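Quick notes on the structure that follows.
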Amino acid sequence: MLNFKKIIGNQEQIDILYELLKKREHNISHKIIPSIKQHAKFVINHPYRAWYLIKSNEQYLGSVYIQKNNCIGISILINQKRVLSESLNFIFKKYKPLKEIKSIRPPYFFINVPPSNKKLISHLKYFGGTKVQVTYSFNSL
């Protein structure tokens with residue numbers, strides 16, 4: 083069974099999240115690891131509706147958060163169906179999607195996944211996730 087610890091931005095959590103960030107294999111939001119100072123500022127002032135560390139026994143496995151646009155972010159080091167399933171069930175039981183705002187926020191939770199993370203894509207499909215879009219980024223034009 084997993085434990086979920088709400089992020090409050092203390093130094094212990096900043097350090098744990100930084101170690102998890104450095105071990106992350108797939109990224110969407112950054113290409114270069116931020117400095118510990120930049121990371122600490124982000125954790126303390128995070129823009130998320132809710133953010134949790136995922137822990138099993140004495141080991142931190144990753145984190146899960148919900149953004150205000152109903153996007154769930156999940157980053158787990160051990161990409162197991164059980165960890166994903168328990169993490170999603172925790173979020174779904176504790177939170178409901180925020181009300182839809184046309185063209186801004188859908189009425190459902192969604193998860194963005196790097197295309198390189200084939201295992202997570204497979205697990206999300208297994209749990210009934212449906213592909214709703216493909217997103218492209220442009221560094222500069």
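The numbering used here applies: residue 83 is where the sequence shown begins, and numbers increase by one.
Cβ atoms here follow ideal geometry from the backbone N, Cα and C, with glycine treated the same way.
All values derive from a computational prediction rather than experimental measurement.
1. Can you check the segment 175-222 for any alpha helix (DSSP H) of at least 4 residues that lies completely inside it and give the ranges in chain order?
2. Taking only three categories from DSSP, how would you classify Asn152?
3. By how many angstroms is the C-alpha of Lys213 removed from the C-alpha of Leu206?
4. I'd like the list of long-range same chain contacts for Gln95, defined as Cβ closer than 6 Å, with 5 residues on each side in sequence excluded.
5. What would DSSP say about Gln93, mapped onto helix, strand or coil?
6. Spell out a yes or no on whether the segment 158-168 and the segment 185-192 are touching, meaning 3 or more CB-CB pairs, one atom from each, closer than 8 Å.
7. According to DSSP, is Tyr100 part of a helix, a strand, or is it coil?
8. In the DSSP assignment, find the alpha helix (DSSP H) that holds Lys119 and state where it starts and stops.
9. Tell me the DSSP secondary structure of Ile173 in three-state form.
10. Buried or exposed, going by whether 16 or more other CB atoms sit within 10 Å of the CB of Tyr142?
Reading it off the structure:
1. Complete alpha helix (DSSP H) runs here, min 4: 200-208.
2. If DSSP states are grouped into helix, strand and coil, Asn152 belongs with coil.
3. Going by the C-alpha atoms only, they are around 9 Å apart.
4. Same-chain partners within the cutoff: Ile89.
5. Annotated three-state conformation of Gln93 is helix, per DSSP.
6. These segments do not touch.
7. Annotated three-state conformation of Tyr100 is helix, per DSSP.
8. Counting along the chain, the alpha helix (DSSP H) containing Lys119 begins and ends at 118-126.
9. In this structure, Ile173 counts as helix in the three-state DSSP scheme.
10. Tyr142 is classed as buried because its beta carbon has at least 16 other beta carbons within 10 Å across all chains shown.
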